[in-house]
DNA sequence: TAAAAAAAACCGACTGAACGGTTTGTATTT
DNA sequence: AAATACAAACCGTTCAGTCGGTTTTTTTTA
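Residue numbers (our numbering), protein chains in the order written: chain A, 11 to 207; chain B, 11 to 207.
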């Protein structure tokens with residue numbers, strides 16, 4: 011096999027192994043030795059592709075960012091026309107998808123939080139930009155922000171092992187957050203503070 | 011000084027040192043040596059009071075749980091009569107207070123998430139109980155849950171270094187979450203989906 | 001076009017530092 | 001005198017990263 015393919019295959023194996031370890035054993039158990047064992051390559055081979063452990067975590071974060079960005083973009087392309095607030099709908103859908111996957115790339119956040127917090131800077135900036143778009147497209151920017159924060163609460167709680175909810179409860183709440191009619195007082199949906207007949 | 015006082019003083023110093031390290035250096039830098047240095051006691055003295063590192067983390071979690079429980083209880087005692095949903099109001103206020111303190115006991119969650127995830131079980135159970143009360147007191151249990159989740163989103167994002175908001179924006183959003191009139195469509199407050207004249 | 005050289009990917013043993021915890025001792029309190 | 005709190009040196013293990021090597025692929029040379 012050619013070297014480019016070989017390298018990419020190794021890098022992909024490392025990323026998958028890292029996520030598996032975080033999901034199963036916790037962020038504290040993510041070590042270079044553990045990644046090498048889990049991915050079936052040697053520690054020297056791992057370190058040839060990633061010069062330092064921080065480089066592994068940075069790669070995890072890059073993959074996570076790309077996944078979130080691509081998922082949101084695809085959601086807007088496919089469903090944007092159906093929504094008054096396409097970007098908020100996309101963010102809610104992305105977080106919902108991220109949390110439903112037990113090997114989610116979102117686990118990269120757990121790894122960075124635990125071991126390299128300065129890698130979170132790029133995530134904060136990306137979230138800032140997303141939030142600006144979410145607020146700009148909304149008739150009620152504060153309500154849109156709070157819906158986004160509730161989705162974040164669901165996601166971060168689940169991701170970090172802090173959620174008191176079942177999977178079914180979580181999915182139900184995500185569905186409520188995504189339901190635009192509920193939040194804009196349109197007919198056909200129970201709305202805050204009142205009942206539809 | 012008597013031995014009980016001595017022990018308690020040492021234990022308090024350890025707790026404060028641990029929170030300072032997590033806040034400043036991140037959860038990954040919380041080690042027994044770092045705690046000993048930061049607290050000004052020896053490693054032997056530290057280990058006399060906490061038999062293992064896990065015991066230190068468990069103590070952090072106990073203090074955090076007590077703080078949250080006491081803060082919520084005090085809030086209900088002082089302000090409960092003013093709220094249709096006193097427990098939700100108390101939870102929002104507790105999370106707001108927790109996140110405003112740079113040395114917050116909530117940082118215990120960060121330590122446990124990073125190093126001893128099984129210590130989070132008690133937190134999940136306590137949150138489950140709180141959520142049951144919050145839902146029981148609400149006319150719209152789902153809306154109450156979502157408000158609670160938004161407060162959680164604000165808190166966990168800030169705590170874990172993931173928040174794209176300024177402190178002023180965060181405080182503003184907590185204030186909105188706490189405003190019962192806003193969420194129940196009462197006069198005097200902008201409400202979801204409509205305007206008050 | 002085949003062989004040789006160079007480059008890249010990978011392996012596994014090794015190193016020094018950091019880590020959690022232990023041991024032996026001293027000082028203070030009971 | 002015994003118990004408790006604490007200090008400091010120490011131990012074995014784990015860790016990130018290094019190093020010298022092998023294998024495979026790519027490029028250069030004859």
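All C-beta atoms in this analysis are idealised placements derived from N, C-alpha and C, irrespective of residue type, glycine included.
Predicted model, so just to flag it, every value in this text is computed and none were measured.
Since residue i and residue j are thought to touch, with beta carbons under 8 Å apart, how far apart are those beta carbons, to the nearest angstrom?
i, j, result
"residue 109(B)", "residue 103(B)", "Not a contact, Cβ separation roughly 11 Å."
"residue 27(A)", "residue 49(A)", "4 Å"
"residue 20(A)", "residue 55(A)", "6 Å"
"residue 119(B)", "residue 169(B)", "7 Å"
"residue 172(A)", "residue 130(B)", "6 Å"
"residue 94(B)", "residue 190(B)", "6 Å"
If we ignore side chains and look at the alpha-carbon of each, how far apart do residue i and residue j end up?
i, j, result
"residue 98(B)", "residue 164(B)", "15 Å"
"residue 138(A)", "residue 82(A)", "15 Å"
"residue 70(B)", "residue 128(B)", "14 Å"
"residue 151(A)", "residue 188(B)", "17 Å"
"residue 31(A)", "residue 64(A)", "16 Å"
"residue 143(A)", "residue 149(A)", "12 Å"
"residue 73(A)", "residue 155(A)", "25 Å"
"residue 124(A)", "residue 24(B)", "20 Å"
"residue 192(A)", "residue 62(B)", "50 Å"
"residue 184(B)", "residue 17(A)", "48 Å"
"residue 145(B)", "residue 86(B)", "16 Å"
"residue 133(A)", "residue 147(B)", "37 Å"
"residue 157(B)", "residue 105(A)", "17 Å"
"residue 140(A)", "residue 79(A)", "10 Å"
"residue 8(B)", "residue 40(B)", "The structure shown has nothing for residue 8(B), since chain B only spans 11 to 207."
"residue 136(B)", "residue 57(A)", "43 Å"
Hey, does residue i have any beta-carbon neighbour from chain B nearer than 9 Å?
i, result
"residue 114(A)", "no"
"residue 97(A)", "no"
"residue 36(A)", "yes"
"residue 93(A)", "no"
"residue 173(A)", "yes"
"residue 43(A)", "no"
"residue 177(A)", "no"
"residue 56(A)", "no"
Comparing the C-beta of residue i with each C-beta of chain A, is any distance below 9 Å?
i, result
"residue 157(B)", "yes"
"residue 170(B)", "yes"
"residue 164(B)", "yes"
"residue 120(B)", "yes"
"residue 135(B)", "yes"
"residue 106(B)", "no"
"residue 125(B)", "yes"
"residue 8(B)", "What the structure shows of chain B is the stretch from 11 to 207, and residue 8(B) is not part of that stretch, so it cannot be assessed."
"residue 167(B)", "yes"
"residue 89(B)", "no"
"residue 130(B)", "yes"
"residue 19(B)", "no"
"residue 182(B)", "yes"
Please classify residue i: does DSSP put it in a helix, a strand, or coil?
i, result
"residue 41(B)", "coil"
"residue 18(A)", "helix"
"residue 94(A)", "coil"
"residue 112(B)", "coil"
"residue 35(B)", "helix"
"residue 190(A)", "helix"
"residue 131(A)", "helix"
"residue 149(A)", "coil"
"residue 171(B)", "coil"
"residue 138(A)", "helix"
"residue 25(A)", "helix"
"residue 177(B)", "helix"
"residue 60(A)", "coil"
"residue 54(A)", "helix"
"residue 11(B)", "coil"
"residue 121(B)", "helix"
"residue 163(B)", "helix"
"residue 48(A)", "helix"
"residue 126(B)", "coil"
- prompt: Does the count of Cβ pairs from the segment 172-180 of chain A and the segment 88-96 of chain A closer than 8 Å reach three?
  reply: No, because fewer than three Cβ pairs between the segment 172-180 of chain A and the segment 88-96 of chain A fall closer than 8 Å, the two stretches do not touch.
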